[in-house]
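Novice: Here you go, one structure.
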Amino acid sequence: MMTKKQSGALLITIIITLFYVWNYLFKENEWMGALGASSIPFIGGTLSLIWLYQAYRKNRTKQRYFWLLLIFGVSLNISGNLIWIFVLITRGDTIYPDISWLFWLLAYIFYLAALIYKTRIINGFGANNPYLFNINVFMLVVSVISIHYFIEPLIVIQSNSFLMTIINIGFQITNLSIAFVLTCLYYLARHSIEKKLIQIIIVAFSLQLLADFGYTFLSIYGTYGIGGFLEPLWVFAVMLIGFASFFEQENPYNKIQPKKYVSEKEPIFPYISAVILIVLVSQSYEWKLNALSIGISIIFFMIITRHLSIIKKNKNLMSEYRNLAFHDSLTGLNNRTSFHHDLGLQMGLAKQNDSTVALLLIDLDQFKLVNDTLGHQIGDQLLKLASIRLQYSTDDDAEIYRIGGDEFVIILSETTEENCIIAAKNILNEFSKSFSVAGHEMTVTASIGISLYPEHGEDRESLLKNADAAMYLAKGNGRNKFRFYNSELNEIMVRKMKIDSELRKAIDNNEFHLVYQPKINLQSREIIGMEALLRWDSTELGSVSPVEFISIAEETGQIVAIGEWVLETACKQNKRWQEEGFPLLCVSVNVSVPQFQQNAFLETVKGVLQNTGLEPQFLELEITESVMQNKAESTELLRGLRKIGVKTSIDDFGTGYSSLNILRELPIDTIKIDKSFIDGILDSASESMIKTIMDIGLNLNLEVIAEGIEYECQVEMLEKYNCRFGQGYLFLKPTDRAGFERYLETYTAQTSLN
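Laid out in structure tokens, this is it:
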């Protein structure tokens with residue numbers, strides 16, 4: 178079954194073909210020729226009117242007034258033909274009636290009004306438009322040529338009819354005005370979402386202008402006759418006006434994309450127009466030149482040459498400025514400004530084509546750590562390498578943007594969810610490989626959030642916000658992952674914001690407390706120390722898991738203040754237990770990377786020990802492997818801690834950034850085997866990893882502690898590899914101060930009995 182566009186095109190083809198056949202068959206019969214020249218345009222105009230009315234009825238926006246003005250114009254055109262048919266049948270007069278000419282002129286005035294209205298709603302084509310000067314020069318040249326070659330001769334040949342003289346001059350002025358507006362529309366159409374519609378309108382009225390100027394030219398020389406090739410062009414133009422309504426959109430995105438590359442031919446249009454005018458002026462004086470006219474012509478051409486040279490230099494400068502405005506200076510990728518413009522355009526095209534646009538928001542995991550520990554210069558080099566990997570891992574038609582910091586966006590147009598998955602996996606695969614920057618080996622993975630237009634948002638802000646929400650969920654689920662946005666993410670983001678807000682009040686409201694878990698000698702089952710762990714019971718949210726709130730505290734920077742509270746509270750409690758006669762134990766406190774990287778961290782530790790009175794040998798700080806990425810600063814700080822007597826250990830060893838060469842030089846005391854290896858201790862891979870870690874500890878003279886022990890069989894396997902220390906639920910779940918005191922009392926009593 179044919180679509181409306183196909184059936185409309187077929188009707189136009191049939192009517193125009195019929196018109197030419199009619200003219201051929203009745204070329205010797207003037208009356209029949211006139212009948213066809215009046216009735217066929219009436220039929221074609223009526224069809225066009227029906228199409229225009231359908232577009233007008235369907236549209237409920239300001240666009241409908243464009244169609245309404247065209248309806249008035251086509252109605253007047255039909256009326257003019259209907260009057261001609263009436264005169265032809267009743268009087269047998271084949272000449273165009275004067276009243277028909279008046280109706281057709283009024284139709285042209287409504288056409289002009291419609292075109293002007295269209296330019297205004299598309300772009301507000303104002304005096305500041307860079308193309309308006311070119312258009313004005315072009316139209317001035319066309320106007321003076323028309324006056325000289327068409328209007329003046331028409332006044333002469335129509336001198337016997339004042340009304341027809343006025344009408345013909347009105348036609349020429351209206352046609353020139355239509356030509357001017359069409360030229361404006363031509364510039365707008367190149368980057369408008371309504372490009373097809375405007376192009377058809379331009380073709381329709383260009384055919385009308387061609388037929389009008391052809392009629393004027395033939396009339397001046399007395400060779401025009403009804404039944405020639407011109408009449409079908411008028412019908413074709415009217416029907417194309419109606420046919421354009423099939424490309425109408427109810428809410429078009431009339432955005433004009435900034436032109437990134439200006440055509441080199443456009444600046445010379447005014448000069449070409451001026452040269453043409455000079456040639457015609459010379460011809461009008463029958464080429465009677467003298468020294469003055471030749472001299473001014475030479476000077477004119479010299480000025481043109483100089484101006485074109487200046488224009489070329491200015492164009493090069495503008496190209497550089499435009500490149501700076503739309504590109505990131507560090508990576509060379511498109512920037513945020515370019516992203517907003519391009520996304521708006523792609524969304525408009527997707528709406529028109531009923532397709533999907535995808536946003537892939539990419540955030541580099543651990544980039545802030547690299548930037549803070551190794552310096553901004555290394556961070557900048559890493560961003561350059563990351564941008565290269567993004568370009569390498571995506572298709573050529575994918576647009577990549579750096580929108581700030583370590584955030585990148587990829588726009589995939591006319592895509593599918595499956596294509597997004599493929600693209601995301603390719604990116605993650607590339608970023609799973611380590612980077613080498615200025616002699617530093619580092620692993621910086623990527624977290625990707627994906628949102629789709631129109632499913633996940635119908636404006637730029639919503640799409641970017643939802644992609645951001647999906648990206649943070651991917652980051653929170655272990656990083657180096659991708660996630661699509663869904664409605665559940667709204668709840669997640671709301672909770673995240675609530676946690677962030679409540680965290681800021683948690684210390685002042687005394688909502689934090691510590692729980693303690695003992696470290697055990699696996700052979701003797703003696704307590705050798707304890708680890709202090711943070712818990713949060715929010716008055717608004719209830720009990721919140723550390724897995725949930727610690728990452729948010731790190732993102733927002735609150736982890737530093739929280740970490741200081743944990744450090745001081747743990748030291749104060751350990752000192753109190755010692756004063757109450759409990760065993761002298763070392764308390765371990767986890768230190769976050771942002772807290773460890775503070776310039777005054779060593780002084781903070783000294784201040785806490787001084788304020789609480791705890792001896793340094795009874796404090797151990799647990800850090801993560803990521804501190805190895807800044808060897809120099811980390812080593813200096815660890816030496817400072819060792820110098821004052823504070824022990825240090827690497828927590829979750831084997832799960833992050835591991836370098837045996839750096840580990841050998843770091844002044845640490847203990848490494849802790851991550852719980853994930855203990856859980857899979859019966860698996861050959863985990864068993865091999867545990868054996869390797871034990872060998873590392875033995876060779877580097879480090880204590881090794883196993884975390885997360887829950888079963889005796891795990892203890893047996895650990896003892897097999899000479900692991901002497903451990904902690905976990907098998908011995909005691911993390912418990913509050915009172916519960917741990919009871920545990921210590923029981924342990925002390927048993928020790929006394931033994």
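The number in this note's numbering is simply the position in the sequence shown, starting from 1, with 177 added. Just so it is clear, CB atoms sit at the ideal spot from N, CA and C, and this is done for glycine as well.
1. Taking the C-alpha atoms as reference points, what is the distance between Lys-749 and Met-524?
2. Straight-line CA distance for Lys-790 to Phe-902?
3. Is it buried or exposed for Val-823, if we count other Cβ within 10 angstroms and need 16 for buried?
4. Which word fits Met-495, buried or exposed, when buried means at least 16 other C-beta atoms lie within 10 angstroms of its C-beta?
5. CB Ala-366 to CB Ile-379, shorter than 9 Å?
6. Could you compute how far the alpha carbon of Ala-304 sits from the alpha carbon of Asp-531?
7. Starting from Val-412, trace the alpha helix (DSSP H) both ways and give me its first and last residue.
8. In the structure shown, what three-state DSSP assignment does Met-648 receive?
9. Suppose the cutoff is 8 Å on Cβ atoms and the five residues either side in sequence are ignored; what does the same chain contact list for Phe-219 look like?
10. Taking 9 Å as the threshold (C-beta atoms), are Leu-188 and Leu-224 in contact?
11. Who pairs with Val-586 in a beta bridge, going by DSSP?
12. Taking only the alpha-carbon atoms, compute the straight-line gap between Val-534 and Met-707 and give it to the nearest angstrom.
13. Using the Cα positions of Leu-744 and Asn-878, report the straight-line distance between them to the nearest angstrom.
14. Count Cβ pairs between the region 605–619 and the region 566–586 that sit closer than 8 Å; are there 3 or more?
15. Determine the direct distance from the alpha carbon of Asn-500 to that of Ser-853, and round the result to whole angstroms.
16. Any idea what DSSP makes of Arg-660, helix, strand or coil?
17. Who pairs with Cys-361 in a beta bridge, going by DSSP?
18. Please report the straight-line C-alpha distance between Ile-821 and Pro-793, rounded to a whole angstrom.
19. Which whole-angstrom value describes the C-beta separation of Gln-904 and Gln-694, a residue pair presumed to lie in contact below a C-beta threshold of 8 Å?
20. If we call anything under 9 Å between Cβ atoms a contact, is Tyr-242 one with Tyr-294?
21. Can you tell me whether Tyr-906 is buried or exposed? The criterion is at least 16 other CB atoms within 10 Å of its CB, across all chains shown.
22. How long is the line joining the alpha carbons of Ile-480 and Gln-460, rounded to whole angstroms?
23. For Cys-900, which option in Ile-870, Gln-376, Ala-915 has the closest C-alpha, if you only look at C-alpha atoms?
24. Rounded to a whole number of angstroms, what is the C-alpha to C-alpha distance between Lys-204 and Ile-191?
25. In the DSSP output, what is Ser-720 paired with across the bridge?
26. Do the CB positions of Ile-377 and Phe-406 come within less than 9 Å of each other?
27. Over the uninterrupted beta strand (DSSP E) stretch that includes Tyr-630, give me the two end residues.
28. For His-504, which residues does DSSP report across the bridge?
29. What did DSSP end up calling His-517 once you bin it into helix, strand or coil?
30. Under 8 Å: do the region 666–682 and the region 717–737 share three or more Cβ pairs, one atom per stretch?
31. Distance check for Asn-236 and Ala-381, CA to CA, integer angstroms please.
32. Considering only C-alpha positions, which residue in the set Trp-713, Ala-644, Leu-526, Lys-696 is nearest to Val-881?
33. Would you identify the three-state DSSP class for Val-823, choosing helix, strand or coil?
34. Closer than 6 Å by C-beta to Arg-819: which residues in its own chain qualify, once you throw out the five before and the five after it? Chain order, please.
35. Alpha carbon to alpha carbon, what distance is there between Ile-739 and Thr-508?
36. Is it buried or exposed for Met-674, if we count other Cβ within 10 angstroms and need 16 for buried?
Specialist: Here's the rundown:
1. 59 Å
2. This sequence places Gly at residue 790; Lys is not what is there. Their backbone Cα atoms lie some 28 Å apart in a straight line.
3. buried
4. exposed
5. yes
6. The pLDDT assigned to Ala-304 is 42, lower than 50, so where the model puts this residue is not dependable; a value taken from the coordinates is nonetheless given after this. Taking the straight line joining both Cα atoms gives about 35 Å.
7. 407–420
8. helix
9. Ile-255, Asn-258, Leu-259, Ile-262
10. yes
11. Leu-538, Tyr-578
12. 54 Å
13. 27 Å
14. yes
15. 50 Å
16. strand
17. None, per the DSSP bridge assignment.
18. 7 Å
19. 6 Å
20. yes
21. exposed
22. 22 Å
23. Ile-870
24. 20 Å
25. Asp-714
26. no
27. 623–630
28. Asn-511
29. helix
30. yes
31. 22 Å
32. Lys-696
33. coil
34. Pro-844
35. 36 Å
36. exposed
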